[in-house]
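Under the working numbering, the first residue of the sequence shown carries the number -5, and numbering increases by one thereafter.
Ideal Cβ positions, reconstructed from N, Cα and C, are used throughout, including at glycine.
One structure is given here, and the rest of the page talks about it.
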Amino acid sequence: MLVRFWGTRGSLPTPMWNDQIRIKARAIAKAASGQTFADDAAVETFLDAQPYWMANTYGGDTSCLEVELAGEEHLLCDFGSGARRLGGAMIGKHGPGNGQTYHVLMSHLHWDHLMGFPFFVPAFIPGNRIVIYSCHDDAEASFRRQNQAPNFPVDFSVLAAKIEFRKLKAGETTEIAGAKVTPKLQLHAGDSYGYRIEAEGSVFVYSSDSEHRIEDEHAADGFVEFFREADLVVFDAMYSLADAVSLKRTSCWPLYRSGQERHRVRDVTAVHRQN
Ligand SMILES: [Zn+2]
């Protein structure tokens, strides 16, 4: 089993800013000062020897992971903006007309987790099959709405691939693309689901957009079992633990409605900064 990250960002895709590129360029220019390079291969060797951040980047696209298994069918987690590059890479690898099957496990239906679907080129190609799994009742409606005018010029109904939706149930194990897949309900606005994926003697847990409450011990018990003996856990780290249990919780969207509650949020921010 090999897990490849095509997108890891929460909320919205974030291209690198000019200032950030200049910081990298400055660091590389300094490191290369006085050196000469015979060819591109020598430049590559030099770049590979530098700290990762200097000559590379990551994390600009929203959530999309590929779980590479021994079988021919593909297993993905979420359809964030990273799905655009993933689709291109799949066509590059397998050719445009070579009927591929994609199984996609949706953590939930927030926009950052499905915004890549309209740009997932395999969905436009006849012969491909895309099976979208979700524990949410409104998964199909959400995907169709995203492709609907005026949101997007290509309506869902004209996509040439065969697209199916399957409902999963938390705690029930289903065999998908040769892996045993078990969803778990997670605390998040509108609910999210993590997936425990077992295949080829390895366990991978995908747990995005999951909030944990420090005072709720019994909720943690379920997650201990969910993560137990996993070889790899992908865990949401958009907020620090302190943010997750204090600021984010207090500043949850409904609390913004009144001036009094806004004041409460500021109080918590002040306390948090002092700490
Ligand atoms: Zn979310």
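Coil, strand or helix - residue i by DSSP
i       : result
Ile208  : coil
Glu38   : helix
Leu80   : helix
Glu62   : strand
Phe(-1) : strand
Arg256  : Its pLDDT being 35, under 50, Arg256 is placed unreliably by the model, and the measurement read from it follows with that caveat. Three-state result, Arg256: helix.
Ser245  : Annotation note: pLDDT 46 at Ser245 (below 50); position unreliable, coordinate value reported separately. Three-state DSSP puts Ser245 in coil, outside helix and strand.
Glu67   : coil
Ala193  : strand
Gly188  : strand
Phe270  : Residue 270 is absent from the structure shown; the chain starts at -5 and stops at 269.
His102  : coil
Closer than 7 Å: residue i CB and nearest ligand 2 heavy atom
i      : result
His102 : This structure does not include ligand 2; its bound ligands are ligand 1.
Best match in the options for proximity to residue i [C-alpha to C-alpha]
i       : options                           : result
Arg(-2) : Arg190, Glu60 and Glu169          : Glu60
Gly76   : Phe114, Thr167 and Lys24          : Phe114
His107  : Glu166, Gln140, Lys178 and Ala171 : Gln140
Gly1    : Lys174, Ile22 and Cys58           : Cys58
Gly121  : Phe229, Asp149, Leu103 and Ile85  : Ile85
Ser201  : Glu194, His212, Glu134 and His182 : His182
Ala23   : Asp33, Arg190, Ser128 and Met48   : Met48
His88   : Pro116, His104 and Trp105         : Pro116
Leu153  : Phe111, Gly65, Ala213 and Asp132  : Phe111
Glu134  : Asn145, Glu205, Phe146 and Ser151 : Ser151
Gly165  : Glu158, Phe159, Ile157 and Lys178 : Lys178
Glu205  : Arg222, Asp225 and Ala231         : Ala231
Leu226  : Asp13, Arg16, Glu38 and Ile191    : Ile191
Arg16   : Gln29, Asn50 and Phe229           : Asn50
Cβ pair residue i, residue j closer than 8 Å
i       : j      : result
Met109  : Thr56  : yes
Met(-5) : Ser186 : no
Gln180  : Asp203 : yes
Leu80   : Ala173 : no
His68   : Gln94  : yes
Phe220  : Gly188 : yes
Tyr127  : His97  : yes
Met8    : Gly54  : At residue 8 the sequence reads Thr, which differs from the Met that was named. Yes, these two residues count as a Cβ contact at 8 Å.
Ala275  : Ile124 : It is not possible to answer for residue 275, since the shown part of the chain is limited to -5 through 269.
Asp132  : Leu162 : no
Gly65   : Ala171 : yes
Closer than 8 Å to chain B by CB, residue i
i     : result
Arg78 : As a matter of chain content, chain B is missing from the structure shown, which is built from one protein chain.
| said: Report the start-end ranges of each alpha helix (DSSP H) in the stretch 104 to 182 that is 4 residues or longer and not cut off at the edges. | reply: Inside the stretch 104 to 182, DSSP marks whole alpha helix (DSSP H) runs of 4 or more residues at positions 133 to 141, from first to last along the chain.
| request: Report the residue ranges of all alpha helix (DSSP H) runs contained in full by the stretch 1 to 54; include only those spanning at least 4 residues, in chain order. | output: 12 to 26, 34 to 42 and 46 to 49
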